[in-house]
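S.K.:
Residue numbers (our numbering), protein chains in the order written: chain A, 1 to 274; chain B, 1 to 308.
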């Protein structure tokens, strides 16, 4: 029994080391000068240049980096919040109102889950350039607010977590449907909504293809696009800016996860079990 | 001050007919909740798909010497034949199939083993491990690719991991690193949802932990395995971020390495939206077809396994 425990735990530690390796390298490298980046032990510190690197990242190209950081927070935060709210409303409506055509609508939304998002990106680019949304923050935010998978998750969760009796009681008391949704439904669905928010937050944070197509103006770029551009230039001068920038870009996502972690537990499975 | 009673008045006077109509038509009650999503869904999902299909059926004809304005003509399935005639698409899909056949089983296998170990009794520090394994998921794909590209630098490890023969597997490592923890968490959540009486009884009967994992836990989490399997298949065919970053670093990754990269190159660099759309549509159909095949296969395996 103890031997099994030692074996299992050491295996888990080996995998943990693998998962942490790139992040550790990033932390170490962000503190090195560009001369030391590849000439010293990649996994251990050499000199402390973190301050210099930070100020370089922040001032590079007239302070584009902080701008990118704020843009990313706006796109990911705003987009995820919108997606969460819209998906919660739609999923709740699909779960709680037996209107005609409900299954067809749900089927269409489900088919969209399987649709490769990149397929949509070029047409979205063409459509947006026709209606003048291209190269604007709204042009980036609006498509990010549509999450068919979120609707699926919200519907599954509303079926389980929101009892009809409670809604009927509210109706008898004269509450309108919209109010019932916001005061009863949304509150009971909160754990799933946190999951949905995080998923969408990461998905938008991760989405590189869409902003690459839609945003021409450097001032509007999210962090991923900016860092890839810097990485593509690949001069020694920018190399440590990319490394330090990459490290900084992880902080908001990790913070979002750690702070929301206690709100979301096992609900990932809610969708898959059904 | 005078506004409040008025508003209240309006609300009470409206309340009664609305209550009645709600019972008559649930659609009317659902509509205000559904409309915002559906509106955006139509604009940013359905319309683009329609647009892409329409675009894929047209081609732009330029006059012989490139003078004069190009003419847009109906091309029928011409773009689709081009997709298959040009070897680029099949080469890209072939590359991804090879990639998926190796990478997806490794990733999901590792995810399943980790989930089972964390759910089992022998593991310690499970909370810590869960957070650490999930951490890479929070790292944006392109950032992960940039960091790994630095690590693959021969100056760091002393081995060439970006050559013709190795780069596909170096890419597989990035994808595995990013997604194992996510898949593990999906499976782990399903394991936690199994009522423990189910295997406590088996343990009392003297079943070993291996036996319990194999005959009780894995069959119970099969839906999650299928779900992660489908997502992995779709994700593999859409591979874009990792090869795009690596194409900046090594000549072994061409600008048309995956079908999606090719579609982008055709649409943006050559301004051929018709062919670009056709590539994306074929890719979507391949992804849908493979997912369906996988679902069928796992349903068939389940049915076969259920028979004594």
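Glycine is no exception: its CB is placed at the ideal position from the N, C-alpha and C atoms.
Using a beta-carbon distance cut-off of less than 7 Å, what residues from the region 70-101 of chain A approach chain B?
M.R.: Within the region 70-101 of chain A, the qualifying residues are 86, 87, 89, 90, 92, 93, 97, 98, 99, 100.
S.K.: Quick one: which chain A residues come within Cβ less than 9 Å of residue 242/B?
M.R.: Residues of chain A passing the Cβ test: none, with the nearest at roughly 11 Å.
S.K.: Run through chain A and tell me which residues come within less than 8 Å of residue 137/B, C-beta to C-beta.
M.R.: Here the neighbours are 202.
S.K.: Please list the segments of the alpha helix (DSSP H) lying wholly inside the region 91-120 of chain A, counting only runs of 4 or more residues, in order along the chain.
M.R.: Segments of the alpha helix (DSSP H) lying fully in the region 91-120 of chain A: 102-113.
S.K.: Excluding the five sequence neighbours on either side, which residues of its own chain have a C-beta within less than 6 Å of the C-beta of residue 90/A, listed in chain order?
M.R.: Cβ neighbours of residue 90/A beyond the five flanking positions: 151.
S.K.: Compare the C-beta of residue 24/B against all C-beta atoms of chain A and say whether one is closer than 8 Å.
M.R.: Residue confidence for residue 24/B is low, a pLDDT of 46 falling below 50, so the modelled location carries little weight; the figure read from the coordinates is stated next. Not an interface residue.
S.K.: Please give the ranges of any alpha helix (DSSP H) in the region 98-180 of chain B, keeping only runs that are unbroken, at least 4 residues long and fully inside the region.
M.R.: Whole alpha helix (DSSP H) segments, 4+ residues: 126-134, 141-151, 154-157.
S.K.: For residue 43/B, which three-state DSSP category applies?
M.R.: Helix, per DSSP.
S.K.: Rounded to a whole number of angstroms, what is the C-alpha to C-alpha distance between residue 11/A and residue 194/B?
M.R.: Cα to Cα, the separation comes out at about 25 Å.
S.K.: Mapping DSSP to helix, strand and coil, what is residue 59/B?
M.R.: Here residue 59/B sits in strand by DSSP.
S.K.: Comparing C-alpha positions only, which one of 30/A, 207/A, 222/A, 76/A sits nearest to residue 118/A?
M.R.: Comparing Cα positions, the closest option is 207/A.
S.K.: Of all the residues that make up the region 203-227 of chain A, which are near chain B by a beta-carbon distance shorter than 7 Å?
M.R.: Listed by position along the chain: 205, 206, 208, 209, 224, 227.
S.K.: Would a check of beta-carbon distances place residue 49/B closer than 8 Å to chain A?
M.R.: Chain A contact via Cβ: present.
S.K.: Buried or exposed: which applies to residue 164/B, given that a residue is buried once 16 or more other Cβ atoms fall within 10 Å of its Cβ?
M.R.: Residue 164/B comes out exposed.
S.K.: Would residue 223/A pass as a contact of residue 68/A if the rule is Cβ separation under 8 Å?
M.R.: Taking 8 Å as the Cβ cut-off, residue 223/A and residue 68/A qualify as a contacting pair.
S.K.: Secondary structure at residue 233/A, three-state DSSP: helix, strand or coil?
M.R.: Residue state, collapsed to three classes: helix.
S.K.: Going by beta carbon distance, what residues of the same chain come within less than 6 Å of residue 193/A, once the five residues before and after it are set aside?
M.R.: The answer, listed in chain order, is 84, 88.
S.K.: So is residue 200/B in contact with chain A if we call contact Cβ pairs under 8 Å?
M.R.: Not an interface residue.
S.K.: Nearest chain B C-beta to residue 242/A closer than 8 Å, yes or no?
M.R.: It does: the Cβ of residue 242/A has a partner Cβ on chain B nearer than 8 Å.
S.K.: Which two residues bound the contiguous alpha helix (DSSP H) that contains residue 234/B?
M.R.: Where residue 234/B is concerned, the enclosing alpha helix (DSSP H) stretches over 222-237.
S.K.: For residue 200/B, does the count of other Cβ atoms within 10 angstroms reach 16, so buried, or fall short, so exposed?
M.R.: By the 10 Å Cβ count, residue 200/B comes out exposed.
S.K.: Under a CB-based cut-off of 8 Å, is residue 259/A close to chain B?
M.R.: Output row for residue 259/A: interface = no.
S.K.: Which bits of chain B does residue 25/A rub up against, with CB to CB less than 8 Å?
M.R.: Correct list: 147, 150, 151.
S.K.: Buried or exposed for residue 155/A, going by 16 or more other Cβ atoms inside 10 Å?
M.R.: With 16 or more other Cβ atoms within 10 Å, it is buried.
S.K.: Say whether the region 167-183 of chain B touches the region 242-249 of chain B, bearing in mind that this needs 3 or more beta-carbon pairs closer than 8 Å, one atom from each stretch.
M.R.: Short answer: they touch.
S.K.: Nearest CA to the CA of residue 275/B: which residue from 122/A, 170/A, 176/A?
M.R.: Measuring from the Cα of residue 275/B, the nearest candidate turns out to be 122/A.
S.K.: Do residue 230/B and residue 190/B count as a contact pair if the criterion is CB distance below 8 Å?
M.R.: No. Outside cutoff.
S.K.: Counting only the same chain and skipping the five closest in sequence on each side, list residues whose C-beta sits under 8 Å from that of residue 73/A.
M.R.: 252, listed in sequence order.
S.K.: What does residue 256/B touch in chain A if you count any residue whose Cβ is under 9 Å from its own?
M.R.: Within chain A, no residue comes near residue 256/B; the closest Cβ sits about 14 Å away, beyond 9 Å.
S.K.: What number of angstroms, rounded off, separates the C-alpha of residue 100/B from the C-alpha of residue 215/A?
M.R.: About 32 Å.
S.K.: Taking only beta carbons into account, state which residues of the region 140-157 of chain A come closer than 8 Å to chain B, listed in chain order.
M.R.: Listed by position along the chain: 142, 143, 145, 146, 148, 151.
S.K.: Can you pull the chain B residues whose beta carbon is under 9 Å from the beta carbon of residue 38/A, in chain order?
M.R.: Chain B residues near residue 38/A: 150, 153, 155, 156.
S.K.: Am I right that residue 23/A and residue 135/B are in contact with their C-beta atoms under 8 Å? What's the rounded C-beta distance?
M.R.: Confirmed, about 7 Å.
S.K.: Between 144/B, 33/B, 73/B, which lies nearest to residue 99/A when the distance is taken from Cα to Cα?
M.R.: Selected option, being the one with the closest Cα: 33/B.
S.K.: What does the alpha-carbon distance come out to for the pair residue 73/B and residue 52/B?
M.R.: Approximately 15 Å between the Cα atoms of the pair.
S.K.: Near residue 219/A, what residues of its chain come up, given a Cβ to Cβ distance below 7 Å and the 5 sequence neighbours on each side ignored?
M.R.: Closer than 7 Å at the Cβ level, and outside the excluded window around residue 219/A, lie 67.
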